[in-house]
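The next block holds one structure in the form of structure tokens; read it before the comments.
Residue numbers (the working numbering), protein chains in the order written: chain A, 1 to 267; chain B, 268 to 534.
Structure, rendered in structure tokens:
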């Protein structure tokens with residue numbers, strides 16, 4: 001079974017939605033995205049391709065989001081299972097909003113200068129304030145992630161910046177921080193912005209081994225020690241924290257947004 | 268008009284899809300995501316909230332993706348416009364696939380260790396090979412982005428890593444590279460992996476001014492000069508390139524994936 005995500009835009013919407021649909025089903029599928037399908041020729045070409053695959057006995061499923069009715073008609077005419085992801089909901093929503101849909105207004109993922117700039121700013125901020133690189137800009141931070149090395153701070157900061165335009169700094173907790181009681185001094189003024197990450201020792205050992213095999217840094221003993229210490233700091237200082245072991249970057253970030261009552265910056 | 272994106276997961280699917288739907292309509296809406304709504308209590312609480320808003324005369328629209336039928340029923344019972352994003356398509360797809368949907372299989376955005384690791388690796392790679400930081404790892408790169416300072420290389424590399432698990436390095440083209448004819452020496456062995464970014468001079472001037480006002484670096488003259496030079500290099504060396512001025516990071520990345528025939532790494 002082969003599944004296509006087809007769109008006149010990036011096909012990200014078709015992909016995200018289509019994959020969510022497929023996740024209901026316990027079937028193995030080949031997936032392929034077909035972005036920027038925006039001419040009748042391309043649409044006919046795609047149909048021919050589907051036809052050839054059908055002739056070879058290949059079953060295909062097509063999730064598409066296309067605003068031009070003419071192009072949509074071509075795709076729908078294909079001899080395959082094609083699902084117009086917008087079709088079903090468009091008219092009920094027209095009724096609810098009391099205004100007609102305007103296909104040409106359709107600019108999913110199109111650039112909105114304000115949003116764009118604030119996301120790029122946030123990404124640059126995350127890079128400049130990664131791994132405790134600079135602690136003097138913490139006033140500017142909307143959130144400061146804490147955690148031991150390789151607990152997921154950097155990808156999470158970058159995802160928060162990229163997806164939500166959130167300025168996220170991150171501070172690595174190391175043995176130096178364990179000596180003194182409670183939070184490192186530089187963090188104390190920003191207590192309300194702190195969020196801790198933790199991870200299961202075995203998983204951390206695995207990750208660190210991939211980076212520096214057979215080192216003290218990667219040893220199970222060291223991983224367990226560091227994680228015990230940081231979790232003690234989180235609890236003592238009442239810093240909310242999350243175990244990232246079984247979570248994707250998306251899940252970690254969304255949970256943080258919710259717990260810290262952050263909302264997307266639209267510039 | 269207020270729009271909610273509700274889910275028992277991250278609500279990213281509901282958000283992406285709901286925003287794509289809304290982009291058909293020329294109406295101003297307040298948007299709010301309600302992720303991890305996974306208990307009946309939470310569902311009833313959310314309905315009460317909707318009721319209060321309705322009482323205040325606020326119009327609300329709810330896009331939701333919830334797998335538990337009991338919880339879904341509560342949301343659908345709300346006195347508001349609620350759209351089950353999966354409902355409409357589930358049964359036709361069941362027929363097409365010839366297997367029944369399994370709500371509990373629903374793990375959209377859930378972690379798949381392999382994918383996770385390869386994305387984190389790619390992010391670390393992008394960071395280590397950002398802005399020409401290190402040119403010795405180019406063998407490992409799946410793509411090397413070229414462009415002048417502030418033409419969008421870094422966010423694009425990071426997005427390619429985060430979204431597709433692609434190892435993207437980026438190399439900043441500077442005046443030093445303009446002196447000699449053609450491509451910088453370090454890039455020549457990797458010609459097939461090169462992709463150029465360019466941007467309109469006025470936009471670049473705007474961006475650089477925000478970073479270093481009234482500098483030669485930000486001057487319109489300098490921006491125009493650098494962009495003329497890099498575009499000449501792209502053409503002379505037949506490096507495919509893209510003007511990022513009016514594109515979002517998503518669009519830039521998706522176009523690059525398509526043009527360079529790259530496909531998502533699933534680890």
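Don't be surprised by glycine CBs; every beta carbon is placed ideally from N, CA and C. In this text the structure is predicted, and so the values were computed from the model without any measurement.
| Item | Value |
| --- | --- |
| Simplified DSSP state of residue 364/B, which is helix, strand or coil | helix |
| Inter-stretch contact (C-beta, 8 angstroms, three-pair minimum) for the segment 80-97 of chain A and the segment 387-397 of chain B | no |
| Contact residues within the segment 313-347 of chain B, judged by C-beta distance below 7 angstroms to chain D | Of the protein chains in this structure, namely A and B, none is chain D. |
| Rounded C-alpha distance that separates residue 212/A from residue 421/B | 27 angstroms |
| Chain A contacts from the segment 449-468 of chain B (Cβ-Cβ distance under 7 angstroms) | none |
| Contact set between residue 101/A and chain B, taken where Cβ atoms lie within less than 7 angstroms | 291 and 292 |
| CB contact below 7 angstroms: residue 135/A versus chain B | no |
| CB contact check: residue 445/B to chain A, cutoff 7 angstroms | no |
| Between the CA atoms of residue 405/B and residue 396/B - distance to the nearest angstrom | 8 angstroms |
| Candidates 339/B, 294/B and 298/B, of which the one nearest residue 99/A by Cα | 294/B |
| Whole-angstrom distance between residue 410/B and residue 427/B, CA atom to CA atom | 10 angstroms |
| Span separating the alpha-carbon of residue 274/B from that of residue 216/A | 42 angstroms |
| N- and C-terminal bounds of the alpha helix (DSSP H) containing residue 75/A | 69-77 |
| C-alpha gap between residue 328/B and residue 269/B, whole angstroms | 6 angstroms |
| Contacts that residue 350/B makes with chain A (C-beta to C-beta distance below 8 angstroms) | 89, 92 and 93 |
| Cβ separation of residue 330/B and residue 285/B, assumed to be a contact under 8 angstroms, to the nearest whole Å | 4 angstroms |
| Endpoints, the beta strand (DSSP E) within which residue 145/A is located | 143-147 |
| Expected contact under 8 angstroms - CB spacing of residue 317/B and residue 345/B to nearest Å | 5 angstroms |
| Contact list for residue 508/B against chain A, beta-carbon separation under 9 angstroms | Here the premise fails: no neighbours, minimum Cβ distance about 16 angstroms. |
| Chain A contact for residue 413/B (CB, 7 angstroms cutoff) | no |
| Straight-line Cα distance separating residue 466/B from residue 510/B | 5 angstroms |
| Beta carbon proximity, residue 17/A to chain B, threshold 7 angstroms | yes |
| Identity of the residues DSSP links to residue 464/B by a beta bridge | 509/B |
| Interface partners of residue 86/A on chain B, CB under 8 angstroms | 287, 288 and 291 |
| CB contact flag (residue 172/A, residue 149/A, <7 angstroms) | yes |
| Sequence-distant residues of the same chain with beta carbon closer than 6 angstroms to residue 300/B, five excluded per side | 272, 278 and 282 |
| Residues bridged to residue 270/B (per DSSP) | 298/B and 328/B |
| Between the CA atoms of residue 530/B and residue 158/A - distance to the nearest angstrom | 22 angstroms |
| Terminal residues of the alpha helix (DSSP H) in which residue 585/B lies | Nothing can be reported for residue 585/B: it is not among the residues displayed for chain B, which extend from 268 to 534. |
| Integer Cβ distance of residue 471/B from residue 454/B, believed to fall under 8 angstroms | Wrong, their Cβ atoms sit about 21 angstroms apart, outside the cutoff. |
| Local conformation of residue 451/B per DSSP, three classes | coil |
| CB of residue 408/B within 7 angstroms of CB of residue 458/B, strictly | no |
| Three-state secondary structure (DSSP) of residue 81/A | strand |
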